[in-house]
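Protein chains: 4
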Amino acid sequence: MASRIGKNISVSIFGQSHSAGIGCVVEGIPAGKKIDLDELQAFLSRRAPGGMPWSTPRKEADLPEFLGGLVNGVTCGAPLAALIRNTNTKSSDYDELRRVPRPGHADYVANMKFHGAQDVSGGGHFSGRLTAPLCIAGGIAIQLLRDEGVEVGAHIARIAGIADDAFALHGLSSTDVHVAHAKTFPVLNDAQGERMIAAIAEAREAGDSVGGVVECAATGMPVGVGEPMFDGVENAVARMLFGIPAVKGVEFGRGFDVADMRGSENNDGMRIVDGRVVFESNNAGGANGGITTGEPVVVRCAFKPTPSISRAQHSIDMQAGTNEGLSVHGRHDPCVVVRAVPVVEAAVALALYDLLLESRMD
Amino acid sequence: MASRIGKNISVSIFGQSHSAGIGCVVEGIPAGKKIDLDELQAFLSRRAPGGMPWSTPRKEADLPEFLGGLVNGVTCGAPLAALIRNTNTKSSDYDELRRVPRPGHADYVANMKFHGAQDVSGGGHFSGRLTAPLCIAGGIAIQLLRDEGVEVGAHIARIAGIADDAFALHGLSSTDVHVAHAKTFPVLNDAQGERMIAAIAEAREAGDSVGGVVECAATGMPVGVGEPMFDGVENAVARMLFGIPAVKGVEFGRGFDVADMRGSENNDGMRIVDGRVVFESNNAGGANGGITTGEPVVVRCAFKPTPSISRAQHSIDMQAGTNEGLSVHGRHDPCVVVRAVPVVEAAVALALYDLLLESRMD
Amino acid sequence: MASRIGKNISVSIFGQSHSAGIGCVVEGIPAGKKIDLDELQAFLSRRAPGGMPWSTPRKEADLPEFLGGLVNGVTCGAPLAALIRNTNTKSSDYDELRRVPRPGHADYVANMKFHGAQDVSGGGHFSGRLTAPLCIAGGIAIQLLRDEGVEVGAHIARIAGIADDAFALHGLSSTDVHVAHAKTFPVLNDAQGERMIAAIAEAREAGDSVGGVVECAATGMPVGVGEPMFDGVENAVARMLFGIPAVKGVEFGRGFDVADMRGSENNDGMRIVDGRVVFESNNAGGANGGITTGEPVVVRCAFKPTPSISRAQHSIDMQAGTNEGLSVHGRHDPCVVVRAVPVVEAAVALALYDLLLESRMD
Amino acid sequence: MASRIGKNISVSIFGQSHSAGIGCVVEGIPAGKKIDLDELQAFLSRRAPGGMPWSTPRKEADLPEFLGGLVNGVTCGAPLAALIRNTNTKSSDYDELRRVPRPGHADYVANMKFHGAQDVSGGGHFSGRLTAPLCIAGGIAIQLLRDEGVEVGAHIARIAGIADDAFALHGLSSTDVHVAHAKTFPVLNDAQGERMIAAIAEAREAGDSVGGVVECAATGMPVGVGEPMFDGVENAVARMLFGIPAVKGVEFGRGFDVADMRGSENNDGMRIVDGRVVFESNNAGGANGGITTGEPVVVRCAFKPTPSISRAQHSIDMQAGTNEGLSVHGRHDPCVVVRAVPVVEAAVALALYDLLLESRMD
């Protein structure tokens, strides 16, 4: 039980990298919501592979067909079901992988868990390709959140040790969150972006890969959304983000830096300004006790370097019980972080929209 | 819907800091399991306040009464229900807080969410005291995991910028994980521990507080536990850990450091040694694709400095709509990290035991 | 995983017949709701045993203590936790039952399922006594529903082959639903009630027991509550009702009679009267496609005769593997139906209130 | 949140009668299970419309395409996703229904719930056609149960007041459950079946429809499956069965008849025979306290007569606020009971298989 998430918005992801198709079933979207399918397609294109020096040469248009839930582009209350056909598959690339697991991938654990019955082609259900249906669901959540005054956007915060500028925790506007992701290479600081691109290229030439960090923010969340203890903003967003392959860390607001701070520095003071409550800072990243403060929700997640590299690695032959060397050929991104930006937005939007619906019961 | 978590082991936490009692209902523990109640009490004592210079003077024995689920110390298949009475409460300390929210606490957001009906005394359901029932459930999970060959232990990884030694990601033994937490001040490196204690004392004298990091490991998890996508090891552990008040970041294995690594460095190579599969490193922290590799699961979480400080802070009067200064008096830990160590162990154990049960259906 | 139910209102039931106590944790009740505790106590008293010729001589006051979730009788947003102490227990009555299961009880299946570790005293977690915490949760739901204009009430529809009058499916008023349950013996037709009482007495004298049917109705449910397919009114109410020990059948509206009807008889026609939509009948029992029509929700459930009878029965010795005769002594109701009336109301109210909250997300 | 069900086997149903397709996502099936797709297709054909005098003339082959989860007909651990294209749709039949709701259908309540945005064509997501994907999931569950020694089969128990023979509650064999459903008209007593066919024809000619009852049994369930209180056999099966359109009542074992029985009649005595525990009867219908006894699980559910009839009915114009007469034309079954037989088998099998997996955690 693994590929479904959400209480009020239930997202169920299906398909494997080389099965007939991949898709999602999304339940709980209120009826009567107009979905802008062109905008959704543009959102999916940001994730889709193809052409850029930092991504795999595999080209997939990622055109979803809506099997149910939409009537003339408007939600009808039935589950929304979308399908993307898998077209550009080369299963022969992967025959060796049934025996020799790729380090850093799920090949070995999947073989143990599923007793050898797992779909190995292209990583099967573990493929990064499964983030496409997550983006369908999340791209719709982004639109639904906008109707509620919430804007979600992300940028590359770091790649290969090179840092982008950070989102201002405090004072971040709804416009600010959209600056980066509108660019082909979604950073705030383009000069740093150039250095990242160069570092990616350098790793690729070395037959290697690099990791990074994505930062995402949501502005306009009303005060009081999220639940205490286990269904707070951080719980929900983190659980969703760790569903993206390669994520190894998640932090909110000042994140791990709080470990070195004092309470007097970290606490966000409050003032009354023009009759309204305002915070003097947003070190909390938009949530206290799991509940939104009204300040922007700001989260960062760390992506490990793409495990598929052409450099020689130590692996094993699971059937023969012998050592094997492995060089992963085929088509792979030397850095998943760039294409992960919309995926992070999708994940954050889904988690927040679910909580926003939940707050209707307060 | 907030204070319940778990699929196969469902934990429901109830109570407020100053209500009649706090406790938990734990469903799903197999029948016929002998619970060592003395060991459980010792575990709870590690979290309980009282006496140490880094903790609140409020003393609570945290003696749970089992209302159901146990017959002569053996689980009977019915839900396990435990109650800790609240005895040492001083509600008068908190009257002002109904009007003037403490920065860094949930006072303001709770007031907005619950329309002023929240229990303000002692932080109500948001109090760190609610980690006591989590420790009942988790302390039992630790015992149940041990029966399966899994050992869970944690230590203070960092306080106020002072770092403890780290758990060896690779080669960590079941003995290693228990070294630190057996100590009064649970660190691996006692000299660094002394410096931390001094830093805590210094902050306390300044009317301030400090944050830190706890690192937790579980050895002996079999290969193949955890589910792809949203119910993997990281998803489940992170969601649980963010249920502990003050946690702002969670990372696994090399965590955020992966952002600066190359694939060739980060990938964990594999070898056959004496006919068995071994990993050459454990940068993954025990899970790939959400599924255990058989290597130790290693996780770190960041705690913000205790928000309750006696130094003057900016707050507001929510009823009058005016600015207010606030100095939080009463009994508070200048650093929650020390007492959080068993809480982190409890949370990790609960998440892993739930997944271990799930794997019976593979 | 068994003793928890509900999506928006989560009810977790704990305790055994002879454990320290029984109780419930109810999560999801909006904050700021005033609970009338006297009314709740009166409701619980309708279920409590004691004194009447049709019930067990065991007397339990069923006085709940609220451990959390209430501040001065008002919900505070934290889970509501209630405890009833078990006081009048005679465990010695049950020692034989560890070996010799009572026909019609869960003794045998519990022994097989829980490998002999089940709590046998008084039926353990399977005891009808566990309906007391269900009544706490449901009694509160009844009050919350009333705030929304919904009235829930039940009556004995049948005992030992003797039928009470039926609720009018169509035209039932909010007053009508309360007529019967205000009586000591909750029937609509008191003459029939007298005959039922006589039949119960007769069965008791014969060392036997009788079954029956309870009918429950909820008026005032707005149109459009309930979800298609698996979370409709019938699904939710039925799942809850089968949680009451001894229930073997559940039917809505015309129920099993529809099998013998034609569409032209069964369909509920519609008319516009004074500008409002009205149905001409309510054979559907208040729901079509799982969704409320605005007509009263009417449900009936069948209770089997109390399995504990003093007449000799065939049983076995599970340890010796031999045949045994069994006469169940101790304190038992010759007919559970009378005391089940408030339990059915509680169950129906909980299911409907959960759906009512769900409809806020439409 | 409506079209998903199951804890260990999660079934998510999508699509509308006239959308691009209908289908299901089934999560939780263990990896490595061989699915017999020919047998599945034969199972689906029993439900598919077409040709018989008791069913709609609409012909749909109901050929599912597996989008994921199967590799060479073997489950791979990823969610199983199946799609049936909607081909033979005539949306123009239904234009009037946006204004004038069909009595006995969900048209009116859907319009209220979904604010007019519901998909009206063919009943949208409320169509009986949505039982096809339920049969995909359930047909697979039937195969998986057989691997565990469990056989599931159903028959028509009653149509239009004409009763088939009943399954023997006690002594029913795995062969017995398959006798009826192998026939074109699935009854035990063919002479009674002929009378039912005549009654259906008579109703059709009268522009009317008839209801009925389906009885289903599962043999071979081991003792100890099912959970106390809310996740017992009856709770799970009933919740699933009420997901089938037109079901208005569900009963187990002796069902509503228990209301008129005495405990001494109804209790199932036990004996030791050849060293094994045997029951002397099976009035309980295979479960006590929600947990299987090892006897066959026997359940009956009542279906209302098809609401779509060509006879004139009273309805309204929801837009104009006026009274309207309505004769439902188009293609409809005069009796859904015949085609419902495999649907009931599917529902029962899914519920039982989920509980069987759950019992692995005992």
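Chains as they are written, first to last, in the numbering used here: chain A, 272 to 633; chain B, 272 to 633; chain C, 272 to 633; chain D, 272 to 633. For each residue, glycine too, the CB sits at the ideal point set by N, CA and C. This structure is a prediction, so every number in the text was calculated from the model and none was measured.
So, are the CB atoms of residue i and residue j less than 8 Å apart?
i                            : j                         : result
alanine 352 of chain C       : glycine 344 of chain C    : no
glycine 387 of chain A       : proline 493 of chain A    : no
leucine 368 of chain C       : valine 391 of chain C     : yes
leucine 338 of chain B       : serine 290 of chain C     : yes
phenylalanine 523 of chain D : valine 570 of chain D     : yes
aspartate 539 of chain B     : asparagine 554 of chain B : yes
alanine 489 of chain D       : valine 423 of chain D     : yes
isoleucine 433 of chain C    : alanine 470 of chain C    : yes
isoleucine 430 of chain B    : methionine 383 of chain B : no
valine 484 of chain C        : leucine 627 of chain C    : no
Could you check the C-alpha separation between residue i and residue j for me, to the nearest Å?
i                            : j                            : result
proline 516 of chain D       : alanine 462 of chain C       : 39 Å
isoleucine 355 of chain D    : methionine 511 of chain B    : 39 Å
glycine 375 of chain C       : phenylalanine 527 of chain C : 25 Å
isoleucine 293 of chain C    : valine 529 of chain D        : 29 Å
aspartate 633 of chain D     : alanine 620 of chain D       : 20 Å
valine 518 of chain B        : valine 544 of chain A        : 30 Å
asparagine 460 of chain A    : glycine 482 of chain B       : 31 Å
aspartate 435 of chain A     : glycine 534 of chain B       : 21 Å
alanine 611 of chain A       : glutamine 287 of chain A     : 18 Å
phenylalanine 574 of chain A : glutamate 498 of chain A     : 27 Å
glutamate 486 of chain B     : glycine 464 of chain A       : 33 Å
glutamate 419 of chain C     : phenylalanine 438 of chain C : 22 Å
glutamate 336 of chain B     : serine 316 of chain B        : 15 Å
Please classify residue i as buried or exposed, where buried requires at least 16 neighbouring CB atoms within 10 angstroms.
i                        : result
arginine 547 of chain B  : exposed
lysine 235 of chain C    : No answer is possible for residue 235 of chain C: it lies beyond the span of chain C, which begins at 272 and ends at 633.
histidine 396 of chain A : buried
serine 283 of chain B    : buried
threonine 402 of chain B : buried
glycine 503 of chain D   : buried
glycine 442 of chain A   : exposed
glutamine 590 of chain C : exposed
threonine 446 of chain B : exposed
histidine 452 of chain A : buried
serine 579 of chain D    : buried
glycine 592 of chain A   : exposed
threonine 455 of chain A : exposed
threonine 358 of chain B : exposed
Residue i and residue j look like a contact to me (Cβ under 8 Å); what is the Cβ gap, rounded to whole Å?
i                         : j                         : result
threonine 563 of chain A  : valine 380 of chain B     : 7 Å
serine 581 of chain B     : glutamate 595 of chain B  : Not quite, the Cβ-Cβ distance comes to about 15 Å (not below 8 Å), so this is no contact.
glycine 277 of chain D    : aspartate 625 of chain D  : 5 Å
glutamine 414 of chain D  : aspartate 307 of chain D  : 6 Å
asparagine 537 of chain D : proline 576 of chain C    : 5 Å
valine 297 of chain C     : isoleucine 427 of chain C : In fact, because the Cβ distance is near 27 Å, the residues do not count as touching under 8 Å.
Using a Cβ cut-off of 9 Å, which residues of the segment 337-349 of chain D contact any Cβ in chain A, in chain order? Correct list: Phe337, Leu338, Gly339, Gly340, Leu341, Val342, Val345, Thr346, Cys347, Gly348 and Ala349.
Proximal residues, the segment 293-319 of chain C versus chain A, C-beta separation under 8 Å: Cβ contacts with chain A: Gly299, Pro301 and Ala302.
Could you name the residues of the segment 520-541 of chain A whose beta carbon sits closer than 9 Å to any beta carbon of chain B, in the order they occur along the chain? Under the 9 Å Cβ criterion, the segment 520-541 of chain A contributes Gly520, Val521, Glu522, Phe523, Gly524, Arg525, Gly526, Phe527, Asp528, Val529, Ala530, Asp531, Met532, Arg533, Gly534, Ser535, Glu536, Asn537, Asn538, Asp539, Gly540 and Met541.
Mind listing which residues of the segment 556-570 of chain B have their C-beta closer than 9 Å to chain A's C-betas, in chain order? Of all residues in the segment 556-570 of chain B, Gly556, Ala558, Asn559, Gly560, Gly561, Ile562, Thr563, Thr564 and Gly565 have a Cβ within less than 9 Å of some Cβ in chain A.
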